[in-house]
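Visitor: Using the UniProt record's numbering, the first residue of the sequence shown is number 1, and each one after it goes up by one.
The beta carbon of each residue, even a glycine, is placed where N, CA and C say it ideally should be.
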Amino acid sequence: MALTEAHAAPAFDAEEQNNIAVYKRVLPSVVNITSTAMKFDFFYGQVPQQGQGSGFILDKAGHVLTNFHVIADANRIEVMLSDKRHYKAKIVGYDRIHDLALLQIDAPNLQPVTLSDSSGIEVGQKVYAIGNPFGLSGTMTRGIISSIRSIRGPEGAPIEDAIQTDAAINPGNSGGPLLNSRGEVIGINTLIATGGAEQSSGIGFAIPINTAKAVLSDLMRYGRVRRPTLGIVSLAVGPDLANQMGLAAEAGVLVQKVVPGGSADRAGIRGGDQQAYLGNNPIILGGDLIVAIDGQQVADTGDISTILEKHQPGDSVTVTFYRGRRRMTVRVTLSEGPEVNA
Numbered sequence: 001m002a003l004t005e006a007h008a009a010p011a012f013d014a015e016e017q018n019n020i021a022v023y024k025r026v027l028p029s030v031v032n033i034t035s036t037a038m039k040f041d042f043f044y045g046q047v048p049q050q051g052q053g054s055g056f057i058l059d060k061a062g063h064v065l066t067n068f069h070v071i072a073d074a075n076r077i078e079v080m081l082s083d084k085r086h087y088k089a090k091i092v093g094y095d096r097i098h099d100l101a102l103l104q105i106d107a108p109n110l111q112p113v114t115l116s117d118s119s120g121i122e123v124g125q126k127v128y129a130i131g132n133p134f135g136l137s138g139t140m141t142r143g144i145i146s147s148i149r150s151i152r153g154p155e156g157a158p159i160e161d162a163i164q165t166d167a168a169i170n171p172g173n174s175g176g177p178l179l180n181s182r183g184e185v186i187g188i189n190t191l192i193a194t195g196g197a198e199q200s201s202g203i204g205f206a207i208p209i210n211t212a213k214a215v216l217s218d219l220m221r222y223g224r225v226r227r228p229t230l231g232i233v234s235l236a237v238g239p240d241l242a243n244q245m246g247l248a249a250e251a252g253v254l255v256q257k258v259v260p261g262g263s264a265d266r267a268g269i270r271g272g273d274q275q276a277y278l279g280n281n282p283i284i285l286g287g288d289l290i291v292a293i294d295g296q297q298v299a300d301t302g303d304i305s306t307i308l309e310k311h312q313p314g315d316s317v318t319v320t321f322y323r324g325r326r327r328m329t330v331r332v333t334l335s336e337g338p339e340v341n342a
């Protein structure tokens, strides 16, 4: 009987070869992160509680990017490399709004990732995720970009151009890289839609890498993101409410208060002086109604945040608003402020 022998080495098609190449290229740059936080137990008092996530190496200096929620409240953070070396990590800085954290380890022979430009991504393109799902280190999954949309991050703030993917992303993948077919990082895996289950439902989200690149210098230098602010306490107004209030525009952001000496105050924007209630909530009426910034329509505080995100403290923007029935425009020099309201 004649037998057909298999080749000594397995034969891979072009797609498989690329999968393997991406994995081998990027795996040394992906890390497992174990965070330990002290939690109060009624019977035992303060007890350590561990959580796991993923991250990736940015440079030879040992900077590691991950999600903020992976290390939030941690008393100790340990990073394990793909070759099983373990290092204690320190927090360099974090950005709660975008769920980003920058760590650093002191380790030799590190292999950094290559960061792509996420502005050029397209729905339908192939993507890979490498991480630590359920503690299974070095796991790679594959899928496509299913959509690009705005989502709400863990802190409730909008994340613009978030990458939706059907690549399997599970607990433990958070903070790991989402890669293009060249093995370049296009996003940071952060959220999954589970529908109540505890595993991937085929809907995962990644923060676009350009969002992270925009704040990395601040995180390295200041340990936080220096965000500009208008210095106002505001109320989003839609058509129904605008009609009830007799406002000059159908939608906008009503200035209830200005921070004394803040950006809006210095530019002459005014808050209200009439106490009222919206349902059971006290509000202040009579202030200016902001309808646009730099020519972009403003309907709520999220719109303001999205516009200001493209600026730094010290930049100037053009604010268009109504004072009563009078339409006005002023230049506002943005100051640094706390991450509240606008």
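Can you give me the Cβ contacts of arginine 152 inside the same chain, cut-off strictly under 7 Å, excluding the 5 residues immediately before and after it?
Guide: Closer than 7 Å at Cβ, skipping near neighbours: Pro158.
Visitor: Note down the Cα distance separating aspartate 265 from serine 146, rounded to an integer number of angstroms.
Guide: About 44 Å.
Visitor: Leucine 308 lies in the alpha helix (DSSP H); which residues open and close that run?
Guide: It spans 301-308 - the alpha helix (DSSP H) in which leucine 308 sits, taken as one unbroken run.
Visitor: Going by DSSP in three states, serine 29 sits in which element: helix, strand or coil?
Guide: Three-state DSSP puts serine 29 in a helix.
Visitor: Given a threshold of 16 other Cβ atoms within 10 Å of its Cβ, counted over all protein chains shown, does methionine 328 qualify as buried or as exposed?
Guide: Burial call: exposed.
Visitor: Could you check what DSSP says for isoleucine 97 in three-state terms: helix, strand or coil?
Guide: Coil.
Visitor: Between which two residues does the alpha helix (DSSP H) holding phenylalanine 205 run?
Guide: Unbroken run through phenylalanine 205 is the beta strand (DSSP E), 204-208; no alpha helix (DSSP H).
Visitor: What whole-angstrom Cβ distance do isoleucine 269 and aspartate 288 have, given they're in contact under 8 Å?
Guide: Confirmed, about 5 Å.
Visitor: Alpha carbon to alpha carbon, what distance is there between isoleucine 290 and arginine 326?
Guide: Those two C-alpha atoms are separated by around 12 Å.
Visitor: By a C-beta neighbour count over all protein chains shown, 10 Å radius and 16 as the cutoff for buried, is phenylalanine 321 buried or exposed?
Guide: Burial call: buried.
Visitor: Contact defined as beta carbons within less than 8 Å: I believe alanine 236 pairs with valine 258. What is the distance between those atoms, to the nearest angstrom?
Guide: Contact flag wrong, Cβ pair sits at about 17 Å.
Visitor: Using only CA atoms, which one of Leu247, Met80, Thr34, Lys60 lies nearest to phenylalanine 68?
Guide: The option with the nearest alpha carbon to phenylalanine 68 is Thr34.
Visitor: For phenylalanine 12, count neighbouring Cβ atoms within 10 angstroms of its own Cβ and tell me buried if that reaches 16, exposed if not.
Guide: Under this definition phenylalanine 12 is an exposed residue.
Visitor: By the 10 Å Cβ neighbour count, where 16 or more other Cβ atoms means buried, how is leucine 179 classified, buried or exposed?
Guide: Burial call: buried.
Visitor: Kindly indicate which residue of Ala214, Arg25, Tyr23, Glu78 has the alpha-carbon position closest to the one of glutamine 50.
Guide: Ranking the options by Cα distance to glutamine 50, first place goes to Glu78.
Visitor: Are there three or more Cβ pairs, one per stretch, closer than 8 Å when the stretch 213-224 is compared with the stretch 92-105?
Guide: Short answer: they touch.
Visitor: According to DSSP, glutamate 15 sits in a beta bridge with which residue or residues?
Guide: DSSP lists no partner for glutamate 15.
Visitor: Spatial neighbours of proline 239 within its chain, please: C-beta separation below 7 Å, excluding the five flanking residues on both sides.
Guide: The residues are Glu250, Ala251.
Visitor: What residue does the beta strand (DSSP E) around alanine 236 start on, and which one ends it?
Guide: Per DSSP, alanine 236 belongs to the beta strand (DSSP E) from 232-237.
Visitor: Between the Cα of lysine 24 and those of Lys84, Met140, Gln312, spot the shortest distance and give me the residue it belongs to.
Guide: Per the Cα distances, Met140.
Visitor: Nearest-angstrom Cα distance between histidine 98 and threonine 66?
Guide: In a straight line, the C-alpha of histidine 98 is about 11 Å away from that of threonine 66.
Visitor: By Cβ distance, which residues of its chain are closer than 6 Å to threonine 229, with the 5 residues on each side in sequence left out?
Guide: Once the five neighbours on either side are set aside, the close Cβ partners of threonine 229 are Gly337.
Visitor: Give the straight-line distance between the Cα atoms of glutamine 164 and glycine 286, rounded to the nearest whole angstrom.
Guide: Each residue's Cα considered, the two are about 42 Å apart.
Visitor: For residue 346, does the three-state DSSP call read helix, strand or coil?
Guide: Outside the shown range of the chain (1 to 342) lies residue 346, about which nothing can therefore be said.
Visitor: Am I right that valine 185 and isoleucine 209 are in contact with their C-beta atoms under 8 Å? What's the rounded C-beta distance?
Guide: About 5 Å separates the two Cβ atoms, so the contact holds.
Visitor: Let me confirm a value: glutamine 125 is counted as buried when at least 16 other C-beta atoms fall within 10 Å, else exposed. Which label applies?
Guide: Exposed is the call here.
Visitor: For the alpha helix (DSSP H) containing alanine 267, list its first residue and its last residue.
Guide: Counting along the chain, the alpha helix (DSSP H) containing alanine 267 begins and ends at 263-267.
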